[in-house]
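K.L.:
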Amino acid sequence: MSWPKAGVMPYLVFLIACVVYVAFPSNHFNADALHYNLLAFMSLYDPSVVLRDGVVAAHLLWHLLASIFLFITQPATPLESLYLLRLMNIVLALGSIFLFMGLVRASAGAWAAAWATVILAFSQACLRHFLAVEVYSLNNLVLILILMAVHRATLAELRPGAGRAAAFAVLSAVAIGTHLANVLLVIPMLLFLLWRGREKRRVAAGVYLLCLFVLAVSGVVALALLSGRDLAGTLSYLMSYAGVKTNYLSSDILRNMTVSCWSVPASIMDRFTLWLYIPAAFFVWIAARHWSIVWKDHWARFLLIQLALMGALVTQWDPENMEHKIACIPVALLLVTRVQALVAPRPRGSLLAASGLIAATVLACGLIFGVRPYTRLEGYEPYRQSSQIRRQSTGDSVVLILSPGQTAESVTLASMTFFKQHVVVLDETQPGTAAQVESLRDRGFEVLRAAE
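Note that numbering that gives the first Met the number 0 has the sequence shown beginning at 0, numbered continuously upward.
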């Protein structure tokens with residue numbers, strides 16, 4: 000039996016990813032996923048709810064897409080809509096993986112495309128959020144489309160003019176509408192236009208900024224008209240999410256970076272994070288030795304700047320959370336594969352074996368720690384707690400009182416989704432809880448105490 004040719008390998012990897020993603024969807028949904036699902040389901044009966052919820056401002060296009068998708072499919076229950084949105088999420092994720100595979104193949108070759116696609120598709124952060132319900136599948140799809148446009152513009156015969164700058168502005172606006180953090184794309188985009196434009200670089204940069212400004216103003220005005228707010232209220236709404244999330248920022252920069260030293264590699268290999276530092280150190284050494292070659296390459300330079308900006312954000316913004324690293328993974332892999340292609344166009348057998356070993360380890364870790372534990376609904380803690388509440392109660396409205404030290408994150412949302420039961424979770428150690436309990440009891444709520 001002979002090994003398949005290198006040109007076929009990326010497609011085999013993608014086929015494996017398709018099988019795993021379709022056969023083993025996640026049954027664990029975080030509080031954000033349950034919230035997004037109920038929001039989209041409610042929009043079937045009241046479309047304006049999407050423009051009133053504070054979380055929508057950070058990733059508006061995902062919520063609009065989810066609402067449109069549910070309007071077409073018409074789910075009967077929140078549970079049905081949850082599984083439909085999970086399907087949509089998986090399809091978007093597979094689309095982003097396929098485009099990523101093609102982009103790496105174009106910039107670094109077939110073998111690099113094969114092992115890089117394994118790492119992206121089976122990294123812990125991507126598996127846990129691509130197989131459930133989250134905004135990151137669409138975000139990565141849009142990000143890869145932008146990177147494809149930039150890569151095409153790095154070709155020698157293509158010089159960015161006013162038309163290409165306007166197209167980049169449209170893509171940037173779509174990316175920002177997909178996720179607010181993509182505003183960071185503006186800086187590397189602007190620098191790229193200044194590098195590549197030559198005599199037209201100032202015109203290209205000016206057109207890019209002007210078009211982006213016009214699109215931003217038009218978007219705010221359109222949102223104000225659709226939501227019935229004035230411009231000041233619309234701007235306040237758009238900034239509300241950032242205001243809520245400021246608690247994720249702290250002034251302890253060193254502590255945040257220390258935490259990120261664990262969470263960044265953990266987003267790829269979970270508990271085997273330390274092993275990733277060996278190939279990472281080797282890559283940094285190779286890139287430093289060939290710095291003049293790397294920096295002269297427009298594509299590698301764009302990726303390096305984009306990764307530096309995104310890395311600075313994710314090391315300081317909620318550094319423990321691996322989901323924020325999802326957008327960094329494809330950029331980092333594109334940079335690594337590009338550097339490899341620049342310094343070793345025909346890599347030695349040892350380099351091929353090392354990259355294959357890393358990819359195989361990521362695949363194994365992904366299946367063991369990122370797929371298998373999340374396929375069973377019974378292992379999903381909010382579902383288990385909601386199921387227990389359902390068995391203990393006689394009605395559809397329940398107050399669950401926690402004992403000191405207990406937490407019940409997502410139980411309310413899970414109860415509404417899986418059992419159509421309205422559960423209010425209260426902590427008796429908080430002031431005013433007793434009055435809240437009596438008020439809810441008067442409204443017909445059944446009062447239960449959480450099990451120790």
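Don't be surprised by glycine CBs; every beta carbon is placed ideally from N, CA and C.
Alpha carbon to alpha carbon, what distance is there between residue 322 and residue 310?
P.N.:
Distance between the alpha carbons of residue 310 and residue 322: 13 angstroms.
K.L.:
Below 8 angstroms on the Cβ atoms is my contact criterion, and I expect residue 357 with residue 264 to pass it. Report the Cβ-Cβ distance as a whole number of Å.
P.N.:
Not a contact, Cβ separation roughly 12 angstroms.
K.L.:
When we look at the beta-carbon of residue 269 and count the other beta-carbons within 10 Å, is it buried (16 or more) or exposed?
P.N.:
Buried, since its Cβ has 16 or more Cβ neighbours within 10 Å.
K.L.:
So what does residue 421 bridge to, in DSSP terms?
P.N.:
Its beta-bridge partners are 396.
K.L.:
Taking 8 angstroms as the CB-CB cut-off, is residue 118 touching chain B?
P.N.:
Of the chains in the structure shown, none is chain B; there is only one protein chain.
K.L.:
Using the DSSP secondary-structure output, state which residues sit across from residue 401 in a beta bridge.
P.N.:
Beta-bridge pairing links residue 401 to 426.
K.L.:
Where does residue 38 sit, in a helix, a strand or coil, going by DSSP?
P.N.:
Residue 38: helix per DSSP, three-state reduction.
K.L.:
So residue 390 is in the alpha helix (DSSP H); what residue range does that whole segment cover?
P.N.:
Unbroken alpha helix (DSSP H) run through residue 390: 380-391.
K.L.:
List the DSSP bridge partners of residue 445.
P.N.:
Its beta-bridge partners are 397.
K.L.:
Indicate whether residue 456 and residue 312 have their beta-carbon atoms separated by less than 8 angstroms.
P.N.:
Absent from the structure is residue 456, since the part of the chain shown begins at 0 and ends at 451.
K.L.:
Applying the 10 Å Cβ sphere with the 16-neighbour rule, what's the burial state of residue 502?
P.N.:
As displayed, the chain neither begins before 0 nor continues past 451, which places residue 502 out of reach and without an answer.
K.L.:
Go ahead and label residue 412 buried or exposed: buried means 16 or more other beta carbons lie within 10 angstroms of its beta carbon, across all protein chains shown.
P.N.:
Counting Cβ neighbours within 10 Å, residue 412 comes out buried, since at least 16 surround it.
K.L.:
Helix, strand or coil for residue 14 per DSSP?
P.N.:
Reduced to three states, the DSSP call for residue 14 is helix.
K.L.:
Where do the N-terminal and C-terminal ends of the alpha helix (DSSP H) with residue 277 fall, by residue?
P.N.:
Its alpha helix (DSSP H) spans residues 276-288.
K.L.:
Hey, is the segment 280-291 in contact with the segment 219-229, meaning 3+ C-beta pairs nearer than 8 angstroms?
P.N.:
The segment 280-291 vs the segment 219-229: no contact.
K.L.:
Can you tell me where the alpha helix (DSSP H) with residue 316 in it begins and where it stops?
P.N.:
Per DSSP, residue 316 belongs to no alpha helix (DSSP H) and is neither H nor E.
K.L.:
Give me the residue from 209, 394, 114 and 175 with the minimum Cα distance to residue 165.
P.N.:
The shortest Cα separation from residue 165 among 209, 394, 114 and 175 belongs to 209.
K.L.:
So, do the segment 136-149 and the segment 374-390 have three or more beta carbon pairs nearer to each other than 8 angstroms?
P.N.:
Segments in contact, no.
K.L.:
When you compare the CB positions of residue 17 and residue 328, do they come within less than 8 angstroms of one another, or not?
P.N.:
Going by C-beta atoms, residue 17 is not nearer than 8 angstroms to residue 328.
K.L.:
Count Cβ pairs between the segment 421-430 and the segment 391-403 that sit closer than 8 angstroms; are there 3 or more?
P.N.:
Contact between the segment 421-430 and the segment 391-403 is present, because at least three Cβ pairs lie under 8 angstroms.
K.L.:
For the structure I just gave you, are there three or more beta carbon pairs, one from the segment 81-98 and one from the segment 44-55, closer than 8 angstroms?
P.N.:
In short, these stretches do not touch, since the Cβ pair count stays below three.
K.L.:
Within 10 Å of its beta-carbon, does residue 224 have 16 or more other beta-carbons around it, so buried, or fewer, so exposed?
P.N.:
Exposed, since its Cβ has fewer than 16 Cβ neighbours within 10 Å.
K.L.:
Can you give the Cα-Cα distance for residue 187 and residue 76, rounded to whole angstroms?
P.N.:
Straight-line Cα distance between these residues: approximately 44 angstroms.
K.L.:
What's the C-alpha gap between residue 295 and residue 39?
P.N.:
Their backbone Cα atoms lie some 47 angstroms apart in a straight line.
K.L.:
With distance defined between alpha-carbon atoms, name the residue in 178, 421, 89 and 267 nearest to residue 58.
P.N.:
Selected option, being the one with the closest Cα: 178.
K.L.:
Pop quiz: residue 127 and residue 369 are said to be a contact at Cβ under 8 angstroms. What is the actual Cβ separation, rounded to whole angstroms?
P.N.:
About 6 angstroms; that satisfies the 8 angstroms criterion.
K.L.:
Please return the same chain residues whose Cβ sits closer than 7 angstroms to the Cβ of residue 36, not counting the five positions on each side in sequence.
P.N.:
Counting only Cβ-Cβ distances below 7 angstroms, and skipping sequence neighbours, we find 77, 80, 81, 84, 132 and 416.
K.L.:
In terms of residues, what are the limits of the alpha helix (DSSP H) holding residue 97?
P.N.:
Note, residue 97: alpha helix (DSSP H), 77-107.
K.L.:
Return helix, strand or coil for residue 304, following the three-state DSSP convention.
P.N.:
In this structure, residue 304 counts as helix in the three-state DSSP scheme.
K.L.:
Taking C-beta to C-beta, are residue 101 and residue 340 nearer than 8 angstroms?
P.N.:
No, the pair does not count as a contact, with Cβ atoms beyond the cut-off.
K.L.:
Would you call the CB atoms of residue 259 and residue 336 closer than 8 angstroms?
P.N.:
Not a contact, by the Cβ cut-off of 8 angstroms.
K.L.:
Going along the chain, which unbroken runs of the alpha helix (DSSP H) with 4 or more residues stay wholly within the segment 129-199?
P.N.:
Complete alpha helix (DSSP H) runs here, min 4: 135-152, 161-177 and 185-195.
K.L.:
Assuming residue 293 contacts residue 338 under a Cβ cut-off of 8 angstroms, what Cβ separation, rounded to an integer in Å, is found between them?
P.N.:
At roughly 6 angstroms, the Cβ-Cβ gap stays under 8 angstroms, so residue 293 and residue 338 are in contact.
K.L.:
Report all residues from its chain with a CB closer than 6 angstroms to the CB of residue 414; omit the five preceding and five following residues, and keep chain order.
P.N.:
For residue 414, where only same-chain residues beyond five positions count, the Cβ hits under 6 angstroms are 385, 420 and 422.
K.L.:
List the endpoints of the continuous alpha helix (DSSP H) containing residue 266.
P.N.:
Per DSSP, residue 266 belongs to the alpha helix (DSSP H) from 252-268.
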